[in-house]
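Visitor: Numbering (this note's numbering), first residue to last: 72 to 307.
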């Protein structure tokens, strides 16, 4: 499983950089946004596993950003932790009413923040939440529950066989798969179907994915592999 990607919405650049450093050490990847508006834009471009959200932001504040996130069907289950200097009870209550998952008051220790993030991400896995329902690679998402494929936040039109083939490749990302194995996964080994049918569908999928289609690599003499290479990861 790739490192979880966290969106850090924080206008204090020094604090944002320090948070990024500590989270990277803990095994997470981060994207920093200095405003709520930029945070919303990044959410539309990439698939994040969690949002760290400051309350006091220039322009739109963190509460309003949280409200907008929860109003969007795509992000309604996205975990949010508010990180703020405002520790009054009324602020915590408002945050939870808006749908945040946790609330951390500044100053906080990197260890505490890491433990809270880990607890939320583990909870989502146990509950069969977003992290297990989505297969992700860079700016590509395959939603197993709703049976849709999105690229950079835009839904793609794919056939049932293309969808099943893409799922098979993503579930064993980085693993070389023979045409016969893919045929078994997608068509339940109908011997009347030639394995070269896989090649035709792979070509169509690559065309629909554009630049992201390069992640599907040909393994000469065997079949295919979905390979998320360095530099492709979370490309927007």
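Ideal Cβ placement from N, Cα and C applies to all residues, glycine included.
Following the continuous alpha helix (DSSP H) through residue 140, name the residue where it begins and the one where it ends.
Guide: For residue 140, the enclosing alpha helix (DSSP H) starts and ends at 133–142.
Visitor: From residue 133 to residue 255, what distance separates their C-alpha atoms?
Guide: 48 Å
Visitor: Considering just the uninterrupted stretch of the alpha helix (DSSP H) at residue 297, what are its terminal residues?
Guide: Note, residue 297: premise wrong, no alpha helix (DSSP H); beta strand (DSSP E) at 294–297.
Visitor: Helix, strand or coil for residue 223, going by three-state DSSP, please let me know.
Guide: coil
Visitor: Leaving out five residues before and five after residue 156 in sequence, what residues of the same chain have Cβ atoms less than 6 Å from its Cβ?
Guide: 177
Visitor: How would you call residue 261, buried or exposed, if buried means at least 16 neighbouring beta carbons within 10 angstroms?
Guide: Model confidence at residue 261 stands at a pLDDT of 46, short of 50, so the residue's coordinates are unreliable; what they give is reported in the following sentence. Residue 261 should be labelled exposed.
Visitor: Can you tell me whether residue 257 is buried or exposed, with buried defined as 16 or more other CB within 10 angstroms of its CB?
Guide: buried
Visitor: Can you tell me where the beta strand (DSSP E) holding residue 218 begins and where it ends?
Guide: Residue 218 -> no beta strand (DSSP E), and no H or E assigned at all.
Visitor: Give me the residue from 193, 154, 162, 205 with the minimum Cα distance to residue 181.
Guide: 154
Visitor: By Cβ distance below 6 Å, which residues in the same chain neighbour residue 150 in space, the five residues on each side in sequence not counted?
Guide: 121, 172, 191
Visitor: Note down the Cα distance separating residue 98 from residue 119, rounded to an integer number of angstroms.
Guide: 15 Å
Visitor: Are the beta-carbon atoms of residue 77 and residue 89 separated by less than 9 Å?
Guide: Against a cut-off of 9 Å, the Cβ pair of residue 89 and residue 77 comes out as no contact.
Visitor: Could you say which of 92, 131, 251, 145 lies nearest to residue 293 if we only look at CA atoms?
Guide: 251
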